[in-house]
Amino acid sequence: MIFDETKCQLGEGPLWHPTRNQLFWFDILGHRLHTKGKHWQFDTYVSAAGWVDDDTLIVASAKALHRFDITTGEHSEICGLEAGNSITRSNDGRADPQGGFWIGTMGINAEKDAGAIYRYYKGELRQLFAPITISNAICFAPDGKTAYFTDTPTQKIMRVSLDADGWPNAEPELHLDLCGTDDRPDGAVIDQDGNMWNAQWGRGRVAGYKPDGTFIKAFEFPAPQTTCPSFGGKDLTTLFCTSAATGLPENDTNGKTFQTETDIKGQAEHQVIL
């Protein structure tokens, strides 16, 4: 069940690169991008990525989006991301079916309403939603017509309609209301059938919901602070999940990255168009 023994203070952003058949993920507080058996150190927070080609990722840091060369480890700035704001960093992010890259920000200390959600598409970075306290659950329906996101403290996952280019063309609507439960929505991913799989901070699980919000089942992991899922493996039926050790007692599993085989088929992660 443990995919990688590395303990992350705040594991996040697992990305299965579909042409390399390789998982990447981040330790936000450790300023690191990881893959199995290797990591790259940054000088600031890094949190999410999308794949551009076989050897290139787009990586979100505290103050910019970067073009990252997997082979050399070199990176160059694509554009700033709240570069003049000293209290925020990047958090959850994912590529959409149209080739855009969505990225959320939040306060370094989770300051209320400090963050926002942005989309980078063909050279343009545009703010979509604000204010946001803790941006999470950014994911997309297979047909590219709907995006999902949450502001974790609200315990409400929202959906928003997208136009043909992937830009929101309506106001967000309530998709899943977890208020009154212990379920705090963190990262999420949509499978090929349109079902949402949501990591829930404090619950040690990834919970599945049908497009109408009906609960399907949950996959449990031996770390309470589950942060983000990703489907990968040869058939896209392996569910990976990152976790966080921050604030928890030292043990053998907190902060590690997990995997479990499922009867669910994920979507391949979408390619980012720079």
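According to our numbering, the sequence shown is numbered sequentially starting from 1191.
Backbone N, C-alpha and C define an ideal beta-carbon position, used for all residues, glycine too.
From a predicted model like this one, the values you see are computed outputs, not experimental measurements.
Environment of residue i [buried if 16+ CB atoms lie within 10 Å]
i       : result
Met1386 : buried
Glu1195 : exposed
Lys1455 : exposed
Arg1210 : exposed
Gln1231 : exposed
Gln1457 : buried
Ser1266 : exposed
Leu1205 : buried
Thr1295 : buried
Leu1255 : buried
Lys1253 : buried
Asn1441 : exposed
Glu1459 : buried
For residue i, the residue or residues it bridges with in DSSP
i       : result
Tyr1235 : According to DSSP, Tyr1235 bridges with nothing at all.
His1265 : Phe1258
Ile1307 : Gly1294, Phe1319
Leu1213 : Trp1206
Thr1246 : Asp1243, Asp1259
Gln1415 : Trp1391
Pro1287 : Per DSSP, none; premise fails for Pro1287.
Gly1456 : Asp1381
Ala1397 : Asn1388, Ala1408
Thr1428 : Gly1422, Glu1451
Glu1314 : Tyr1311
Val1350 : Ala1337
Leu1366 : Ile1347
Leu1223 : Phe1216, Trp1230
Pro1358 : Leu1352
Ile1251 : Reading off the sequence, residue 1251 comes out as Ser, not Ile. DSSP, once it has assigned bridges, lists Val1236 as partnering Ser1251.
Ser1433 : Thr1416
Proximity below 8 Å, CB of residue i to CB of residue j
i       : j       : result
Thr1450 : Met1191 : yes
Ala1413 : Cys1198 : no
Gln1461 : Gly1289 : yes
Ile1307 : Phe1339 : yes
Gly1398 : Arg1374 : no
Gly1297 : Ile1277 : yes
Pro1321 : Gly1305 : yes
Asp1233 : Thr1246 : no
Val1242 : Leu1464 : yes
Pro1419 : Gly1445 : no
Tyr1310 : Gly1356 : no
Thr1428 : Val1396 : no
Ser1280 : Ala1238 : yes
Phe1405 : Phe1448 : no
Phe1430 : Leu1219 : no
Phe1421 : Asp1381 : yes
Gly1423 : Pro1401 : no
Gln1345 : Leu1368 : yes
Residue i (DSSP reduced to helix, strand or coil)
i       : result
Lys1343 : First, the amino acid is wrong: residue 1343 is Pro here, not Lys. DSSP places Pro1343 in helix when its eight states are reduced to three.
Met1191 : coil
Lys1407 : strand
Gly1201 : strand
Leu1271 : coil
Trp1230 : strand
Ser1420 : strand
Asp1376 : strand
Arg1327 : Reading off the sequence shown, one finds Ala at residue 1327, where the question assumed Arg. The answer is strand: DSSP assigns Ala1327 an E or B state.
Asn1281 : strand
Pro1439 : coil
8 Å contact criterion, which residue i and residue j should meet: CB distance rounded
i       : j       : result
Ala1337 : Pro1358 : 7 Å
Leu1223 : Val1249 : 7 Å
Gly1403 : Leu1366 : 5 Å
Asp1217 : Gly1227 : The pair is not a contact, with the Cβ atoms about 15 Å apart (cut-off 8 Å).
Ser1325 : Asp1303 : That belief does not hold up - the Cβ atoms of Ser1325 and Asp1303 are roughly 11 Å apart, past 8 Å.
Ala1285 : Phe1291 : 5 Å
Minimum Cβ-Cβ distance from residue i to chain B less than 8 Å
i       : result
Thr1246 : Absent from the structure is chain B; it holds one protein chain and no more.
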